[in-house]
Amino acid sequence: MQYLVSVINDTSDLATTDEMAAIDVFNEGLQAQGHWVFAGGLAAPGTATVIDNRGEAALFTDGPFVESKEYIVGFWVIEAADLDVALKLAAEGSKACNRKVEVRPFL
Amino acid sequence: MSRTDVPEAITEAHREEWARVVASLTRRFGDLDIAEEAAAEAFAAAVARWPADGVPPSPGAWLTTTANRKAIDRIRRENKRDDKQKEAQLLYDNDPPGPPGAIGDERLRLIFTCCHPALAMETRVALTLRMVAGLTVPEIARAFLVQETAMEKRITRAKAKIKAARIPYRVPSAEDLQARVSGVLAVLFLVFNEGYLATGSGTDPVRHDLTAEAIRLTRLIRALMPEDGEVAGLLALMLLTEARRTARVSASGALVTLAEQDRGTWDTALIAEGHQLVRERLAAAAAGIAPGRYQILAAINAVHTSAPDVRATDWSQILALYDQLARLDSSPIVALNRAIAVAELDGPQVGLAAIDRLEDELSGYHLYHATRADLLRRLGRNQKSREAYDKAIELAGNTAEVAYLTRRRDQLG
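As given, the protein sequences belong to chains Y and W, one line each in that order.
Everything in the first sequence is counted per my numbering, starting at 95 for the first residue and increasing by one.
Everything in the second sequence is counted per my numbering, starting at 2 for the first residue and increasing by one.
Structure follows, in structure tokens:
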């Protein structure tokens, strides 16, 4: 079972060196215990482009699809047996990156 | 068994067996939805057949067998449609079957799943009342004053989340158990309190159906986890509160405060049972097991219910218990109740000073104003008292409390 753990940023601050170091430790733990699937950090929402090609020609729009004070700044995809395991890992992840996180199951 | 006893037998089977049937089906088929539907169909079959066929020798076994058959029928029907998808949606469970006896009881898994922290509190309440207590969706909707369709949606969404997010169907591991048990107790306490202090202008002031259901569920958890002190504490707290239920509302529907209640109408059997539980926990505390908040609240209620009249109340012991509670729980509500004990011991002036310090946190809470109003009245400050009663009446949601506060205000003259 895979879960998306989204990291939610509610300030414009980037991760500090301490936070980056804690994230590295957390990532190593995920890999060692077989929970790691993928992870990544994202550039600011202002760098996003929205594409809609449902019509006749592709439409490109500058900016994120939803403007919000809180936005996703990074994510993990983890492998976990059930939600209890996923929540425990997400709680460790939240501590490591010093941000709120959201857990959402893959179908 | 005569035919006239059949409806009674069905009611009893529903009370005793519903959770067991749902739990064992959930375990077997890995799906709350199938379990709930099949259990409901099995009870409908009992209603249809027992009057003619007679009550089976083991109603529980009959219901489980019937429900299993209904579930298998449904799965066969659905498997014809979408085999693979059904397979993928089965609830996850990697636990070996537990040993027979308390902690291995299937019903505990059901309770912990329904009270999972990933579900919203109101959802946990609804799901627990449906799956564990066996209340129907219309009953639950009525109890919480929401539309039936909205309640149905809430329960359906919860079941879908449990399935999609793979909320496990098991008793939490030892390291998580305490936190998860207190989550379950919070759900039961909320059900009890909603019954005890029902809100809404059109509702009965005390919803006995809800208090009775909360007590029944807490008794069940107590039977399943007899070693847990907080479970015992919560059960004692509920019993000692429920014992005063009839004395608490007057014939005209107004709240009767503890001080004014006719203590002769208290339920002595419930009080005896509650006191027995409190004594059991006091013995545990004496052996060095620190009591949690429900045990302390139960002890406070035991002191109240031990006094033959209000003047005989041991307020110094109550204050000591509130001091103990305040160390566990720094909430302003605890501080407010502690201040009431202070007022009884050291006089209304001292109590009022303690309460006034809570204004910032509690100015939106009707009992803050009601307590102030009472102390101001005892100090002869009628104008200030009246203002506080007005504020309390404006904020109170329970009809009996409003009636009481209004009477008190109007007595100020």
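Don't be surprised by glycine CBs; every beta carbon is placed ideally from N, CA and C.
Model, not experiment: these values are computed from the prediction.
Please confirm whether residue i and residue j have their CB atoms less than 8 Å apart.
| i | j | result |
| --- | --- | --- |
| glycine 157 (chain Y) | glycine 135 (chain Y) | no |
| isoleucine 172 (chain Y) | valine 131 (chain Y) | yes |
| alanine 180 (chain Y) | valine 197 (chain Y) | yes |
| arginine 28 (chain W) | glutamate 140 (chain W) | no |
| glutamate 42 (chain W) | alanine 68 (chain W) | yes |
| alanine 175 (chain Y) | methionine 95 (chain Y) | yes |
| leucine 26 (chain W) | lysine 160 (chain W) | no |
| threonine 400 (chain W) | glycine 254 (chain W) | yes |
| glutamate 231 (chain W) | glycine 293 (chain W) | yes |
| valine 343 (chain W) | leucine 368 (chain W) | no |
| leucine 413 (chain W) | arginine 382 (chain W) | no |
| isoleucine 334 (chain W) | glycine 352 (chain W) | no |
| aspartate 210 (chain W) | alanine 244 (chain W) | no |
| valine 161 (chain Y) | aspartate 104 (chain Y) | According to the sequence as given, residue 161 (chain Y) is glutamate; it is not valine. In this structure, aspartate 104 (chain Y) does not lie closer than 8 Å to glutamate 161 (chain Y) by Cβ. |
| tryptophan 170 (chain Y) | alanine 137 (chain Y) | no |
| leucine 189 (chain W) | threonine 219 (chain W) | yes |
| glutamate 345 (chain W) | tryptophan 316 (chain W) | yes |
Just curious, the alpha helix (DSSP H) that residue i is in, first and last residue?
| i | result |
| --- | --- |
| asparagine 338 (chain W) | 333-347 |
| valine 179 (chain Y) | 177-191 |
| glutamine 277 (chain W) | 269-287 |
| glutamine 125 (chain Y) | 111-126 |
| alanine 404 (chain W) | 400-411 |
| proline 139 (chain W) | 138-144 |
| alanine 374 (chain W) | 367-379 |
| leucine 7 (chain W) | The sequence given here places valine at residue 7 (chain W); leucine does not occur at that position. Element bounds for valine 7 (chain W): 7-30. |
| serine 307 (chain W) | 294-307 |
| arginine 125 (chain W) | 122-128 |
Please list, in chain order, all residues of the same chain as residue i whose beta carbon is under 7 Å from its beta carbon, the five residues on each side excluded.
| i | result |
| --- | --- |
| valine 138 (chain W) | Arg131, Glu149, Met152, Glu153, Ile156 |
| histidine 370 (chain W) | Ala389, Lys392, Ala393, Leu396 |
| cysteine 115 (chain W) | Arg125, Leu128, Thr129, Met132, Val133 |
| tryptophan 19 (chain W) | Ala40, Gly135 |
| tryptophan 63 (chain W) | Pro57 |
| leucine 406 (chain W) | Ala371, Tyr390, Ala393, Ile394, Ala397 |
| phenylalanine 154 (chain Y) | Thr143, Ile145 |
| arginine 181 (chain W) | Phe113, Pro173 |
| phenylalanine 120 (chain Y) | Glu186, Gly187, Ala190 |
| valine 403 (chain W) | Ile394, Ala397 |
| leucine 363 (chain W) | Pro333, Leu337, Tyr369 |
| proline 100 (chain W) | Low confidence applies here, because proline 100 (chain W) scores a pLDDT of 45, under 50, leaving its location unreliable; read the following figure in that light. Closer than 7 Å at the Cβ level, and outside the excluded window around proline 100 (chain W), lies no residue. |
Kindly indicate the opening and closing residues of the beta strand (DSSP E) around residue i.
| i | result |
| --- | --- |
| glutamine 384 (chain W) | Premise fails: glutamine 384 (chain W) lies in the alpha helix (DSSP H), 383-396, not in any beta strand (DSSP E). |
| phenylalanine 154 (chain Y) | 153-156 |
| tryptophan 130 (chain Y) | 130-135 |
What does residue i pair with, by DSSP beta-bridge criteria?
| i | result |
| --- | --- |
| serine 100 (chain Y) | Y:Phe169, Y:Glu196 |
| phenylalanine 113 (chain W) | According to DSSP, which records beta bridges pairwise, phenylalanine 113 (chain W) is partnered with nothing at all. |
| isoleucine 145 (chain Y) | Y:Phe154 |
| tryptophan 316 (chain W) | In DSSP, tryptophan 316 (chain W) forms no bridge with anything. |
| tryptophan 51 (chain W) | In the DSSP output, where bridge partners are listed per residue, tryptophan 51 (chain W) has none listed. |
| valine 250 (chain W) | W:Leu256 |
Under 8 Å Cβ to Cβ from residue i, same chain only, skipping five residues before and after it: list those, please.
| i | result |
| --- | --- |
| glycine 365 (chain W) | Leu396 |
| arginine 409 (chain W) | Ala374, Asp375, Arg378, Tyr390 |
| lysine 162 (chain W) | Ala119, Leu120, Ile168 |
| leucine 322 (chain W) | Ile297, Ala300, Ile301, Val304 |
| tyrosine 93 (chain W) | Below a pLDDT of 50, predicted positions are generally treated as unreliable, and tyrosine 93 (chain W), at 48, falls in that range; the measurement from the model is reported next regardless. These residues qualify, in order along the chain: Gly31, Arg167, Pro169, Tyr170. |
| leucine 259 (chain W) | Arg245, His305, Val311 |
| leucine 499 (chain W) | Here chain W has residues from 2 to 414 only, and residue 499 (chain W) is not among them. |
| leucine 283 (chain W) | Ala300 |
| leucine 111 (chain W) | Ala20, Val23, Ala24, Thr27, Met132, Val133, Tyr170 |
Which residues in the same chain as residue i place their Cβ atom closer than 6 Å to its Cβ, once the five residues preceding and following it in sequence are excluded?
| i | result |
| --- | --- |
| alanine 14 (chain W) | Pro60 |
| alanine 299 (chain W) | Gly234, Ala237, Leu238, Val279 |
| lysine 189 (chain Y) | none |
| alanine 116 (chain Y) | Ala190 |
| alanine 72 (chain W) | Leu26, Phe30, Ile35, Ala39 |
| asparagine 192 (chain Y) | Glu113 |
| glutamine 90 (chain W) | Residue placement at glutamine 90 (chain W) is flagged as unreliable, the pLDDT there being 48, under the threshold of 50; the coordinate-derived value follows with that caveat. So the list reads Lys164, once near-sequence residues are dropped. |
| glutamine 325 (chain W) | Ile297 |
| alanine 49 (chain W) | none |
| tyrosine 295 (chain W) | Glu231, Gly234, Leu235, Leu238 |
| glutamate 9 (chain W) | none |
| threonine 66 (chain W) | none |
Hey, is residue i close to the ligand ADP, as in C-beta under 7 Å from one of its heavy atoms?
| i | result |
| --- | --- |
| methionine 132 (chain W) | In the structure on display, the ligand ADP does not appear, and there are no ligands present to speak of. |
Kindly indicate if chain C contains any beta-carbon less than 8 Å away from that of residue i.
| i | result |
| --- | --- |
| arginine 167 (chain W) | As a matter of chain content, chain C is missing from the structure shown, whose protein chains are Y and W. |
task: Decide if the segment 262-276 of chain W is in contact with the segment 328-347 of chain W; the criterion is three or more beta carbon pairs, one per stretch, under 8 Å apart.
output: no
- prompt: How do the segment 272-284 of chain W and the segment 233-241 of chain W stand: do at least 3 beta-carbon pairs fall below 8 Å, yes or no?
  reply: yes
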